[in-house]
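Protein chains: 2
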Amino acid sequence: MHNKRASKLSVIPLGGTGEIGKNLLVFEYEDSIVVIDGGVKFPEDELLGIDLVIPDITYLEKNRERIKGLFITHGHEDHIGGLPFILPKLNIPIYGTRLTLGLVQAKLQEKNPYPESLVHVIEPGEPIRAGVFEVEAFRVTHSIPDAVGYSLLTPVGRVIYTGDFKVDYTPIDGYNMDLGKLAAWGQEGVLALLCDSTNSERPGVTISEKIVGKVLREWFERAQGKIIMASFASNVHRIQQAINAASDIGRKICVVGRSMENVVNTSIELGYLKLPQENILIPSSEVGSMQPEKLLVLTTGSQGEPLAALTRMATRSHRQINVMPGDMVVMAATPIPGNEKLVGKTINHLYQIGAEVVTKEMGQVHVSGHANQEEIKLVIRLTQPRFLIPHHGEIRHQAGFRKIGQSLGYVDEDIAITQLGSRVELSPDRMEFGERVEAGSVYIDGLGVGDVGYIVLKDRQQLAQDGVVVVVAALSKSKPYKILSGPDIISRGFTFMKEADALIDGAKKDVIGSIERQFEKDQIEWGALKSNIRDSLSKYLWEKTRRRPMILPVLLHY
Amino acid sequence: MHNKRASKLSVIPLGGTGEIGKNLLVFEYEDSIVVIDGGVKFPEDELLGIDLVIPDITYLEKNRERIKGLFITHGHEDHIGGLPFILPKLNIPIYGTRLTLGLVQAKLQEKNPYPESLVHVIEPGEPIRAGVFEVEAFRVTHSIPDAVGYSLLTPVGRVIYTGDFKVDYTPIDGYNMDLGKLAAWGQEGVLALLCDSTNSERPGVTISEKIVGKVLREWFERAQGKIIMASFASNVHRIQQAINAASDIGRKICVVGRSMENVVNTSIELGYLKLPQENILIPSSEVGSMQPEKLLVLTTGSQGEPLAALTRMATRSHRQINVMPGDMVVMAATPIPGNEKLVGKTINHLYQIGAEVVTKEMGQVHVSGHANQEEIKLVIRLTQPRFLIPHHGEIRHQAGFRKIGQSLGYVDEDIAITQLGSRVELSPDRMEFGERVEAGSVYIDGLGVGDVGYIVLKDRQQLAQDGVVVVVAALSKSKPYKILSGPDIISRGFTFMKEADALIDGAKKDVIGSIERQFEKDQIEWGALKSNIRDSLSKYLWEKTRRRPMILPVLLHY
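Chains as they are written, first to last, in our numbering: chain A, 1288 to 1845; chain Y, 1288 to 1845.
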């Protein structure tokens, strides 16, 4: 390896480590920076009102002129969803396979179209020069077509990032994972492997997507009424299999839900989704007039999302499609952790209507897109890396990956457990942590990017728990001090006030007490008076109700 | 059967149907009412700020003088947790087995002690007269000792309610489920079976609790440092097995977490938990000075509850017990749907510290306490009821139970799928739905029981999403109209205001516009002015931010 000036390669995860979501990896060597992916993450429950979370890219903005390109592994939201916010700030070339870029461009065009000159379609196996790096994509199998991992040939050695993958020996589109290439690189020598660790806690191997096709077919054949299948919009393989099965048994297909329509249209346009007959797709406006036993509806809503099409059908609030008794609803996805209750609600609504509901528990209508333990071992054995860096996982998954590494003879020092902003420094024979870079989360709420932070969220949490109480009073500005009007008490989200007359009277008395104690002073300290009102009333309401609403004193003076 | 005046037996679920939680069943025949259980339910996510949910017992309050008694199946929160709120309103005799009543009394004494004269310990197999009913408890196996189901011999026939059960042929305490009694009643003739349907979607049979003991023992033997085991406090069998295993390998035991301490103390006191050696329990104050390899900590927090002991240990905020690298944490429970993310967080914190975490995925450290499909079939076959009523389940579980019934030859008309407040009327040869009774949920928030309803919750949801904006202005009361002070804008939970000067200026202008349009009228309509300010400002803020904070106009006039 060219070891000029003993420079080191830095690997910096700005997203996707210690968490599932918002993947963004940075590779840096002297004047060259290469970025992989730019995803979103869906907000945790306590991030009230937040729509999306993207990585903090301050470090990239500061080093923009050194960035040679952004390479994308595949078209899932947690890998491309942040790009509409990230790319306009960086204005850098982007690289990806055809379907991936098709999905990215559909997404960018909704917000700001990105200059065509910066968008580069790549083919796996064709190396691309990006500063000092030679970047080469290799095919992986995953729950979306055209997914790749990347090899970066760097001055200190080759580094491989798998991207999201499973080892599916019978992929729906016939494109196998390029295990041969991984083995060849392994023979040449690989410095470090960054590997998908999502399923590192799961023993054995994942099941091929092909099995889902067989199972769907069996269920479809049994269906009496309409079939409605909910899945992730991006699972083009599964959608292809559902379309094939429906076509075979003489059903037409209606695609509903915005993201499902987007992905299906893009995939058909680019040739990744093949329709077995012409005119097999029908618009949702025609569903009402079709015989139910001649119909398959492909829909979003597999996660019970309140506004998704299936959820609206289940609650009878979809404009065009009704679920009827005897319809079969196939939930061809598992709930992402945190969504179990929402999904359960949808299922209950469907049973209430009298539909038959098919879930993963009743047969393999969903399989994971991520590698289990034995697949991870395979990739490690093929690439024979000197060092291991688990990526795409929470701490538990990183720890699970470390155990796998240990079982293959790696010692703790050879495995880097990173956090957001960690800088892993690699030289041909050493891996160590360097100085951390700025990293974290940026919250998106409505049109606001980053204007909702810790304090605003804390306030929302308090408001969510116990509501707000506004205290209004007008006081004379100068002596003799007196209360000119009020105090009045307005509350929202606190208690059903009509039943709380005594509580309000007590609250008013408490406020008057705080005001009169200030009147005794030579000069009214308005700031102190407000905080006295707040403290005293808060204590009073806690004693009476065991609740702590937010108290906002509004004082006017004349 | 005595069919005088052709009266019917009514079965009315006031809780526990169409939902998991707050079980409460009512049996009514002419002047006799018998109630079974009075549980709580933990609030859904959208019930912001709500602590607990209990059944609406308006119907029982209105018919109080006809209630002959309340019978309790077992000591789980979803069967007894509502009693501190329900019993003071009814003042009726209660019946239950010894441990169950011990747990109920511990709970009642925290709030209001219940008159001893109304509390009756019963033995399975001893019939109790309650109005026209002859009530007899029979042993079931479940994840807490001393659990029973009830048979009610009524003028129209025998009705059996299983309570929560599984068929465990090797129960830890040696008390088998009384299948013989069920068979005998089946021979005599059973009118209806109300059956636990929680696991009706799961094929096969549940695994015996005994297996958990074996698996725990294996893990415990492997542990190098402290062992910390988190489980439901009420799972006395599992706690017994953990204590036995710890004792065998020479570890002392520390019990932490309020509910765990309560249950363990009550169980030891009443003889349901047996300590294999004296002085095997140590107080948490001594944990710090013990060798970690000589210690087992039994703790609450298996659901990731933010304030539970394990959660505090994992975030290093427990006063006396620290998790150290090399400690083993056994999660001897599965997350209740909805708690997956919280549990995942705790697990990640534990890995971060460097602890080994053992979950159900790595070995049978948890088994369900509810009957799977084959066990449900067994109970139906033994009791041979004329009619089936699934209880203790959401709609999906009731539908699953119906499928089981169908597989045994029951037709839809023989299976009643109830909702809260349904009245199922039974005569010796007929089951039909009668007039519904008042039923639903009562929310408990702090000291308030029922004062937080739909409007308050809607307000909390809006506040949680986008915060609150208070608009304050003082106007002259009469002509010439002018703005004496303001408008001022105060917001909380909306946006980080320091960066929003332009937004605030725009908002003020918008409010001034609304006010001045009112000034043009002959007389200011204060109500209309407030709603104009609200509508116009809401529109303005939506356009600028895509958020809808709650807007509270406060207008003073002089």
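The beta carbon of each residue, even a glycine, is placed where N, CA and C say it ideally should be. Computed from a predicted structure; not experimentally measured.
- Counting along the chain, the unbroken alpha helix (DSSP H) around His-1524(Y) starts and ends at 1523-1535.
- Membership of Thr-1832(A) in the alpha helix (DSSP H) is indicated by the continuous run 1813-1832.
- Contact residues of the stretch 1310-1344 of chain A toward chain Y are Glu-1331, Asp-1332, Leu-1335, Gly-1336 (C-beta to C-beta distance below 8 Å).
- Under the three-pair Cβ rule at 8 Å, the stretch 1799-1808 of chain A counts as touching the stretch 1767-1786 of chain A.
- For Gly-1754(Y), the nearest beta carbon of chain A is closer than 8 Å to its own beta carbon.
- Gly-1733(Y) has a beta carbon lying within less than 8 Å of a beta carbon in chain A.
- For the pair Pro-1371(Y) and Lys-1398(Y), the CB atoms are nearer than the 8 Å cut-off.
- Contact residues of the stretch 1621-1636 of chain Y toward chain A are Pro-1624, Gly-1625, Glu-1627, Lys-1628, Gly-1631, Ile-1634, Asn-1635 (C-beta to C-beta distance below 7 Å).
- Every unbroken stretch of the alpha helix (DSSP H) spanning 4 or more residues and falling wholly within the stretch 1536-1563 of chain A is given here in chain order: 1545-1556.
- For Glu-1681(A), the number of other beta carbons within 10 angstroms of its own is at least 16, and it is reported as buried.
- Contact between Val-1610(A) and Met-1600(A) holds: CB atoms are separated by about 5 Å, below the 8 Å threshold.
- As a beta-bridge residue in DSSP terms, Tyr-1316(A) pairs with Ser-1319(A).
- Short of 7 Å from the beta carbon of Gln-1528(Y), and not among the five residues preceding or following it, lie these beta carbons of its own chain, in chain order: Ile-1459, Val-1499, Gly-1500, Leu-1503.
- Secondary structure of Met-1516(A) (DSSP, three-state): strand.
- Of all residues in the stretch 1830-1841 of chain A, those with a C-beta nearer than 8 Å to a C-beta of chain Y are Lys-1831, Thr-1832, Arg-1833, Arg-1834, Met-1837, Leu-1839, Val-1841, reading in chain order.
- Taking 8 Å as the cut-off, the Cβ atoms of Asp-1465(A) and Arg-1426(A) count as close.
- In this chain, the beta strand (DSSP E) harbouring Thr-1441(Y) covers 1435-1441.
- With contacts defined as CB atoms closer than 8 Å, Ser-1823(Y) and Gln-1660(Y) fail to qualify as a contacting pair.
- Neighbours of Phe-1781(A) in chain Y, taken as residues whose beta carbon is under 8 Å from its own, are Val-1743 in chain order.
- DSSP places Lys-1501(Y) within a helical segment (H, G or I) once states are collapsed to three.
- Boundaries for Phe-1452(A): no beta strand (DSSP E) harbours it, and the DSSP string shows neither H nor E there.
- Take Ile-1536(Y), set aside five residues on each side of it, and the residues of its chain with a beta-carbon closer than 7 Å to its own are Phe-1507, Glu-1508, in chain order.
- Taking the CA atoms as reference points, Asn-1635(Y) sits about 9 Å from Val-1644(Y).
- For Ile-1838(Y), the beta-bridge partners assigned by DSSP are Val-1756(Y).
- Look at Met-1615(A) here: in three-state DSSP terms it is strand.
- When the alpha-carbon of Gln-1392(Y) is set against those of Glu-1648(Y), Tyr-1456(Y), Ile-1367(Y), the nearest one is in Ile-1367(Y).
- Any Cβ of chain A closer than 8 Å to the Cβ of Tyr-1768(Y) would place that residue at the interface, and such an atom is absent.
- For Gly-1680(A), DSSP records a beta bridge to Thr-1304(A), Glu-1306(A).
- CA-to-CA, the gap between Glu-1421(A) and Ile-1447(A) works out to about 12 Å.
- Rounded to whole angstroms, the separation of the alpha carbons of Glu-1725(A) and Ile-1791(A) is 49 Å.
- Val-1739(A) has a beta carbon lying within less than 8 Å of a beta carbon in chain Y.
- From the beta-carbon of Gln-1639(A), the residues of chain Y found nearer than 8 Å are Ile-1682.
- Contact between the stretch 1663-1683 of chain Y and the stretch 1332-1347 of chain A is absent: fewer than three C-beta pairs spanning the two stretches fall below 8 Å.
- Under the 8 Å criterion on CB atoms, Asp-1746(Y) is classed as interfacial with respect to chain A.
- Any Cβ of chain Y closer than 8 Å to the Cβ of Val-1759(A) would place that residue at the interface, and such an atom is present.
- Proximity of chain A to Ala-1751(Y) at the Cβ level (cut-off 7 Å) is accounted for by Leu-1335, Gly-1336, Arg-1747, Leu-1750, Ala-1751, in chain order.
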